[in-house]
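Numbering (this note's numbering), first residue to last: 180 to 425.
A virtual CB, placed ideally from N, CA and C, is assigned to each residue, including glycine.
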């Protein structure tokens with residue numbers, strides 16, 4: 180089990196390092212040597228997990244959708260909006276999301292699935308659920324609308340990157356939804372949808388970072404206390420033995 184856990188950790192380390200390299204350089208200019216340097220692993224370890232640079236890139240494109248969680252309870256349209264805002268936030272703060280998007284935009288198909296296929300499938304699924312629950316207009320073709328939504332998001336994030344380094348992406352995505360929702364949703368539903376998303380993701384991220392920092396401090400303090408206790412218990416027999424000699 181320990182060996183398997185180390186293998187999983189090595190895979191994750193390589194993928195995270197590669198994401199930062201692809202984010203910085205794109206596919207063509209990304210060098211295996213730089214991935215090895217950032218991951219701090221041997222060439223043998225990398226090729227044990229990945230047969231080629233193409234395989235690493237495919238893993239990153241497969242990973243990018245994990246940054247979004249489409250909740251199926253409640254309003255499917257609001258969940259779809261929230262998912263878009265989650266990814267907008269990830270593009271600003273997460274190298275994996277940026278690398279996957281850059282690879283997709285560069286047209287790195289690698290003989291695998293369509294680079295936008297997972298996003299289109301997930302979006303179409305939520306629109307289909309919205310039709311079932313009476314939020315989406317009956318004449319809407321979920322797959323056609325999904326392609327339009329994914330294409331719109333892709334273009335908007337590229338413009339936001341050029342304008343502000345994606346600092347305004349949340350607002351731009353909200354505007355996208357304000358334009359799209361009237362064409363796909365029942366009018367009575369639109370009034371209840373929050374285009375900016377239901378959750379303040381920045382505040383949520385700060386809370387998570389603060390919680391993790393507290394947990395790290397507590398773990399360090401517990402480790403120090405355990406080490407001190409072990410040292411104390413180890414010195415007692417020595418003292419007793421010294422007393423016996425005296």
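What's the gap between the Cα of residue 278 and the Cα of residue 205?
Taking the straight line joining both Cα atoms gives about 8 Å.
If you drop the 5 nearest sequence neighbours on each side, which residues of the same chain put their C-beta closer than 6 Å to that of residue 259?
Only 305 meet the Cβ criterion.
Tell me where the alpha helix (DSSP H) around residue 243 begins and ends.
Element bounds for residue 243: n/a, residue is neither H nor E.
Can you tell which of 350, 190, 327 and 232 has its C-alpha closest to the C-alpha of residue 210?
Here the closest residue by C-alpha is 232.
Taking C-alpha atoms, which residue in 325, 295 and 297 lies nearest to residue 309?
Checking every option, the nearest Cα to that of residue 309 belongs to 325.
Can you look up residue 315 in the DSSP assignment and give me helix, strand or coil?
Strand at residue 315.
Going by beta carbon distance, what residues of the same chain come within less than 6 Å of residue 235, once the five residues before and after it are set aside?
Closer than 6 Å at the Cβ level, and outside the excluded window around residue 235, lie 197 and 229.
Which residues in the same chain as residue 274 place their Cβ atom closer than 8 Å to its Cβ, once the five residues preceding and following it in sequence are excluded?
The answer, listed in chain order, is 195, 198, 199 and 202.
Who are the Cβ neighbours of residue 348 in its own chain at under 7 Å, not counting the five residues just before and after it?
Excluding sequence neighbours, residue 348 sits near 267, 270, 271, 336 and 339.
Residue 370 by DSSP, collapsed to three states: which one?
Coil, per DSSP.
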